[in-house]
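S.K.: Under this note's numbering, the residues of the sequence shown are numbered 328 to 606, in order.
Backbone N, C-alpha and C fix where the C-beta goes; we use that ideal spot for every residue, glycine too.
Could you have a look at this structure, given as structure tokens, before my questions?
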Amino acid sequence: VMAKCLLGVGVLVTLAFASISSASAQPGMGPTGVGPRTSDVASCRWKAPSGNSYDFTPLSRETGEDRHLHDNTEDYDYYFNVCADTVSMPPACQEDPPSPPSPAFQTYLKGTDHMCYSLGSLTDATWQEIGKGEGVVLTYGDGVQCDAKTFRSITYRFECNPEAGVGQPSTITGNCEFLVVWPTSYACTGGGHLGHLSGGWSFAVIVALIILAYLLGGIGYKVFVAKVPFGPDAVPHVEQWQKLFKLIQDGVLFAKSRATGEANPSGERAGLLDRDSGL
Numbered sequence: 328v329m330a331k332c333l334l335g336v337g338v339l340v341t342l343a344f345a346s347i348s349s350a351s352a353q354p355g356m357g358p359t360g361v362g363p364r365t366s367d368v369a370s371c372r373w374k375a376p377s378g379n380s381y382d383f384t385p386l387s388r389e390t391g392e393d394r395h396l397h398d399n400t401e402d403y404d405y406y407f408n409v410c411a412d413t414v415s416m417p418p419a420c421q422e423d424p425p426s427p428p429s430p431a432f433q434t435y436l437k438g439t440d441h442m443c444y445s446l447g448s449l450t451d452a453t454w455q456e457i458g459k460g461e462g463v464v465l466t467y468g469d470g471v472q473c474d475a476k477t478f479r480s481i482t483y484r485f486e487c488n489p490e491a492g493v494g495q496p497s498t499i500t501g502n503c504e505f506l507v508v509w510p511t512s513y514a515c516t517g518g519g520h521l522g523h524l525s526g527g528w529s530f531a532v533i534v535a536l537i538i539l540a541y542l543l544g545g546i547g548y549k550v551f552v553a554k555v556p557f558g559p560d561a562v563p564h565v566e567q568w569q570k571l572f573k574l575i576q577d578g579v580l581f582a583k584s585r586a587t588g589e590a591n592p593s594g595e596r597a598g599l600l601d602r603d604s605g606l
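Set out below in structure tokens:
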């Protein structure tokens, strides 16, 4: 019984954290079918030379609308993503010839007048920590050429704001080298840990850890305080656990017999209500 309990908890925790590691680089066709759209969420996790670890995975988008800012002065529109190319190709970038995927675009579209500039590449990413826990800077270089000496680039300045959650980009400035200011709690030291878990998996991990603490604490008390020999009898509330596993076993056998029309191996109906369950 004890081994089954610990194994079940271990499987639950393993599945929860496996869902994190499965979110790795996943290439796919871009929305316009032009070349492979790249997603590399693993690159959103960065450890600074100071030893501080950051995880900006929740800021990356795989579906839905790209983040967008409009420059009223120049009438440009900017579309961008983090650790992945934009989810969809901006309208101005779909003209012939269409632009290759990129994590950020500068666009202009008025009637038949249009332009589209890639502002960087996921393969040219650099990180830098701001001060001591003040934030992080992520720069994508190798965008299209801007002038004789400069290629376009985009820099995200993730500023620590413990109350912001994922946050939203607030401003974009620049000409060839663009700067996006983005307040977010994930730029705070330790702010992004487990942030990429869905609500369901976060709950599962918490429940699994509570059960594990209950089992280990109960076993420790029985073995070291109550002097119960280490074994099945050392599991806290062992009789209730035995009844639970018996009910689960009966439920599986009953469901199988109903689905297949076969009798249970014991020749009885699965006794969910008529065995030693006390119900």
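Can you tell me whether Leu-543 is buried or exposed, with buried defined as 16 or more other CB within 10 angstroms of its CB?
M.R.: Exposed, since its Cβ has fewer than 16 Cβ neighbours within 10 Å.
S.K.: Rounded to whole angstroms, what is the Cα-Cα separation between Glu-589 and Arg-388?
M.R.: Those two C-alpha atoms are separated by around 49 Å.
S.K.: Rounding to the nearest angstrom, what Cα-Cα distance links Gly-494 and Gln-569 in this structure?
M.R.: Roughly 48 Å separates the two Cα atoms.
S.K.: With a 10 Å radius around its C-beta and 16 neighbouring C-beta atoms as the bar for buried, classify Ala-586 as buried or exposed.
M.R.: Label assigned to Ala-586: exposed.
S.K.: Compute the beta-carbon to beta-carbon distance between Phe-407 and Arg-394, rounded to the nearest angstrom, for a pair I have assumed lies under 8 Å.
M.R.: Indeed, because the Cβ distance is near 6 Å, the residues count as touching under 8 Å.
S.K.: At what residues does the alpha helix (DSSP H) containing Ala-491 begin and finish?
M.R.: Note, Ala-491: premise wrong, no alpha helix (DSSP H); not H, not E.
S.K.: Check whether the segment 476 to 483 and the segment 370 to 379 touch, using three or more Cβ-Cβ pairs below 8 Å as the test.
M.R.: Verdict: no, contact absent.
S.K.: Please classify Lys-549 as buried or exposed, where buried requires at least 16 neighbouring CB atoms within 10 angstroms.
M.R.: Buried, because 16 or more other Cβ atoms sit within 10 Å of the Cβ of Lys-549.
S.K.: Where does the unbroken beta strand (DSSP E) through Arg-372 begin, and where does it stop?
M.R.: Start and end: 372 to 374.
S.K.: Distance, Cα to Cα, Thr-359 vs Gly-391?
M.R.: Confidence at Thr-359 is low in this model, with a pLDDT of 35, below 50, so its placement is unreliable and the value that follows should be read with caution. Each residue's alpha carbon lies about 15 Å from the other.
S.K.: Can you tell me the Cα-Cα spacing of Lys-292 and Glu-401, whole angstroms?
M.R.: Residue 292 lies beyond the residue range present for the chain, which begins at 328 and ends at 606; the question has no answer from this structure.
S.K.: Looking at the structure shown, is Val-471 part of a helix, part of a strand, or coil, going by DSSP?
M.R.: Here Val-471 sits in coil by DSSP.
S.K.: Return the bridge partner residues of Gly-462 from the DSSP annotation.
M.R.: Paired residue(s): Ile-457 and Glu-486.
S.K.: Do you know whose CA, among Ile-499, Gly-460, Pro-559 and Lys-583, lies nearest Thr-516's CA?
M.R.: For the residues Ile-499, Gly-460, Pro-559 and Lys-583, the minimum Cα distance to Thr-516 belongs to Gly-460.
S.K.: Taking the C-alpha atoms as reference points, what is the distance between Val-508 and Pro-418?
M.R.: Distance between the alpha carbons of Val-508 and Pro-418: 24 Å.
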